[in-house]
Amino acid sequence: MNKNVLDQAIDYLEYSKNLSGEYLFFETKPISAQLAADIPQLLTNQEVPTLPIKKEEIAETKTTAPPTVPHPSSLHYEESVDPTWKDSQTLPELKQKIQNCVRCPLGATRTKFVFGEGNPNADIMVIGEAPGADEDAQGMPFVGRAGQLLTKILESVGFSREDVFIGNINKYRPPANRRPTNEEVAACEPYLIKQIEIIKPKFILALGLTAADTLFKKSHKMGDIRGKLFSYNGIQTMVTYHPAALLRNPAWKKPVWEDVQLLRKLYDDYLSNNK
Ligand code: SF4
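Going by the numbering used here, the first residue of the sequence shown is number 1074, and it counts up by one from there.
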């Protein structure tokens, strides 16, 4: 048997087990002609059933009632943000200057400002859509079940949360976990651009279409853009499914695995070329 194929199959089994708890999720379609031929052998010729999505995962992704906590400030945008925020040289300075922003309607309903966290000098920046309920409560990005899944996905290719910087397009949670409006995205995007300018990542991993469409100023279909490399202002950028989408559709875990494996390879190539 081809050793690379065997290694690939074992890696995928470990990844799938880590992401799915006690369950292994498999697509009904073959991974590839070669793997389709080899995997049954690896599994002692036993057919592996496709298991259903766990009930608790479905419950997790249901929309919840919008928060009723009013924004503590009645300031207008001009008063809520330090006018020198664009001159910020560091992430803490930027955070301090924009954390009371009420530039868009999300400023009226949020609980906590979710600036993003991780390595301020990260080579890889992970960008999602917006905080959810857990993130809104804790003020940290990707800490709910989708966030825990993201952590496992990163770890599957040898990255820790501390290695990368994790943020979102919008810094406040949209009520009822809805997608942010174009107005809300446009209002908040300058802060993301400033974060990218300060961090200077070599790679961006965009999670979901809101992140991808915002970065590239164009509507996409995920099937058309995932697994490919794009340039965002000279930064090598990959797009893959948002972890919350994987909770709804576990079959997308495999394409995400392929995407992060490619990112890992590109990053390793980058490191070896820049020793
Ligand atoms: S989501 Fe962004 S633009 Fe809107 S109020 Fe919050 S920080 Fe300001």
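Glycine included, each C-beta is placed from N, C-alpha and C at the ideal position.
Please return the same chain residues whose Cβ sits closer than 6 Å to the Cβ of residue 1253, not counting the five positions on each side in sequence. 1203, 1243, 1247
Is the CB-CB distance between residue 1319 and residue 1329 below 8 Å? yes
Per-residue burial, residue 1342 [other beta carbons within 10 Å of its own, 16 or more giving buried]: exposed
Shorter than 7 Å, the distance from the beta carbon of residue 1245 to the closest heavy atom of the ligand SF4, or not? yes
To the nearest angstrom, how far is the alpha carbon of residue 1188 from that of residue 1083? 37 Å
In this structure, how does DSSP classify residue 1279 when only helix, strand and coil are distinguished? strand
Which of the three DSSP states is assigned to residue 1242 in this structure? coil
Taking 7 Å as the line, does the beta carbon of residue 1180 fall inside it for any heavy atom of the ligand SF4? yes
Pairwise C-alpha distance: residue 1344 and residue 1327: 26 Å
C-beta contact flag for residue 1255 and residue 1205 at 8 Å: no
What are the boundary residues of the beta strand (DSSP E) that includes residue 1305? 1303 to 1305
DSSP three-state label for residue 1311, please. strand
Look up residue 1216 in the DSSP assignment and say whether it is helix, strand or coil. coil
For residue 1257, verify whether its CB is less than 7 Å away from any heavy atom of the ligand FMN. The model on display carries the ligand SF4 but not the ligand FMN.
Going by CA-CA distance only, name the one from 1078, 1164, 1229 that's closest to residue 1273. 1164
Is any heavy atom in the ligand SF4 found nearer than 7 Å to the beta carbon of residue 1305? no
Helix, strand or coil: which one does DSSP assign to residue 1180? helix
Mapping DSSP to helix, strand and coil, what is residue 1258? helix
Under 7 Å from any heavy atom of the ligand SF4, does the C-beta of residue 1269 make it? no
So, with DSSP's three-state summary, where would you put residue 1078? helix
Considering only their Cβ atoms, is the gap separating residue 1222 from residue 1316 smaller than 8 Å? yes
Status (buried if at least 16 other CB within 10 Å, exposed otherwise) for residue 1080: exposed
Out of 1219, 1182, 1335, which has the shortest C-alpha to C-alpha gap to residue 1092? 1219
Just to confirm, does residue 1264 get its C-beta within under 7 Å of one of the non-hydrogen atoms of the ligand SF4? yes
Starting from residue 1237, trace the beta strand (DSSP E) both ways and give me its first and last residue. From DSSP, residue 1237 is part of no beta strand (DSSP E); its letter is neither H nor E.
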